[in-house]
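Residue numbers 165 to 380, in this note's numbering, belong to the letters of the sequence shown in order. Where a beta carbon is used, it is the ideal one built from N, C-alpha and C, also for glycine. What follows is one structure encoded as structure tokens, with my remarks underneath.
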Amino acid sequence: MCLIFSTSFQGVNGTKSIQSSTPPLWGGADAFRVLVNLTNPSPIAKWIFAYYHSSSLRAERYEHFPPQYDEMCVDLPNASPSQQCNVIFSYNGWSYLQLPQQSFCCKCENTFGAIRGDWLMQNSTFAGVVRDQRTGYETQHWTKWGQYLNHYYCTNDDKRMPILFNELWGPQHTLKQWEFLVQTFKVGEFDFKKYLGPPENCENLCMTDVCKAYRK
Numbered sequence: 165m166c167l168i169f170s171t172s173f174q175g176v177n178g179t180k181s182i183q184s185s186t187p188p189l190w191g192g193a194d195a196f197r198v199l200v201n202l203t204n205p206s207p208i209a210k211w212i213f214a215y216y217h218s219s220s221l222r223a224e225r226y227e228h229f230p231p232q233y234d235e236m237c238v239d240l241p242n243a244s245p246s247q248q249c250n251v252i253f254s255y256n257g258w259s260y261l262q263l264p265q266q267s268f269c270c271k272c273e274n275t276f277g278a279i280r281g282d283w284l285m286q287n288s289t290f291a292g293v294v295r296d297q298r299t300g301y302e303t304q305h306w307t308k309w310g311q312y313l314n315h316y317y318c319t320n321d322d323k324r325m326p327i328l329f330n331e332l333w334g335p336q337h338t339l340k341q342w343e344f345l346v347q348t349f350k351v352g353e354f355d356f357k358k359y360l361g362p363p364e365n366c367e368n369l370c371m372t373d374v375c376k377a378y379r380k
């Protein structure tokens with residue numbers, strides 16, 4: 165990890181800015197919700213999803229709004245890009261897929277789950293402070309290797325609000341990117357049971373290839 169001396173000064177909108185060697189929590193808070201503008205690498209497409217996250221519960225929810233091409237949704241029976249699809253990584257360790265317009269739900273897999281809130285706490289590198297052109301915020305840039313090199317940007321202040329996440333995906337180095345719509349960002353508890361709990365009457369197993377591959 166790259167360590168730097170802590171300094172403070174006034175940032176955008178008069179907020180206190182802090183350069184810190186301490187990696188941020190994913191989203192800057194234990195529980196939060198926000199709209200995200202997604203750039204998808206395969207197929208190349210863009211859409212918006214609503215994102216609900218709880219680090220302590222290790223659970224999260226994606227509500228993909230049409231037209232959407234989420235890889236966990238595309239092979240569901242009668243699914244189409246013109247329909248909303250919800251992906252829930254529940255606190256019981258299972259993921260669930262929903263097509264609300266069809267009142268369809270199935271139980272997918274139990275071997276991968278929500279993004280860990282502390283995923284940047286180990287083996288990440290502080291890459292500096294940069295101004296985000298889209299939002300105007302001064303941001304901290306952090307990187308960490310996974311399958312590819314992940315880039316995460318959060319506000320350079322005590323809130324550590326998420327601004328941008330991206331990576332160059334696959335052999336063609338295609339952009340995969342989350343643009344957090346900061347005007348929709350809300351910190352704090354929400355109805356965890358409603359949004360992150362296992363859906364009612366959803367015990368039938370999903371028979372899509374991705375679910376079968378990761379289910380044990």
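Backbone CA spacing between Gln174 and Thr319 [nearest angstrom] = Residue numbering aside, residue 174 sits at position 10 when the sequence shown is read from its first letter. Residue numbering aside, residue 319 sits at position 155 when the sequence shown is read from its first letter. Residue confidence is low: Gln174 scores 40 on pLDDT, short of 50, so the model does not pin down where it sits. No coordinate-derived value is stated.
Taking the alpha-carbon positions, what's the Glu224 to Leu360 distance?
-> The count along the sequence shown starts at 1 and reaches residue 224 at position 60. The count along the sequence shown starts at 1 and reaches residue 360 at position 196. If you take the alpha carbons of Glu224 and Leu360, they lie about 6 angstroms apart.
Proximity winner among Tyr316, Ala195, Val200 and Leu345, relative to Val294 (alpha-carbon distances) | Numbered from 1 along the sequence shown, position 130 holds the residue referred to as residue 294. Checked all of Tyr316, Ala195, Val200 and Leu345; the closest Cα to Val294 is Tyr316.
Ordered along the chain, which non-local residues of its own chain (more than five positions away) have a Cβ less than 8 angstroms from that of Ser246?
-> To locate residue 246, count along the sequence shown from 1; it is residue 82. Around Ser246: Pro230 and Pro231.
Name the one or two DSSP bridge partners that Lys340 has.
-> The residue given as residue 340 occupies position 176 in the sequence shown. According to DSSP, which records beta bridges pairwise, Lys340 is partnered with Glu331.
DSSP on Pro230, reduced to helix/strand/coil?
-> On the sequence shown, position 66 is the one that residue 230 refers to. Three-state DSSP puts Pro230 in coil, outside helix and strand.
Assign Met236 to one of two classes, buried (16 or more other C-beta atoms within 10 Å of its C-beta) or exposed (fewer than that).
-> Taking the sequence shown and counting its residues from 1, the one referred to as residue 236 is at position 72. Result: buried.
Apart from the five residues just before and just after Gln248, which ones in its own chain have a Cβ nearer than 7 angstroms to its Cβ?
-> Taking the sequence shown and counting its residues from 1, the one referred to as residue 248 is at position 84. Excluding positions up to five away in sequence, the list reads Glu227, His228, Phe229, Pro230, Pro264 and Gln265.
Per-residue DSSP class, three states only, for Pro207 | Here residue 207 is taken as the residue at index 43 of the sequence shown, counted from 1. Pro207 carries a coil assignment under DSSP once its states are collapsed to helix, strand and coil.
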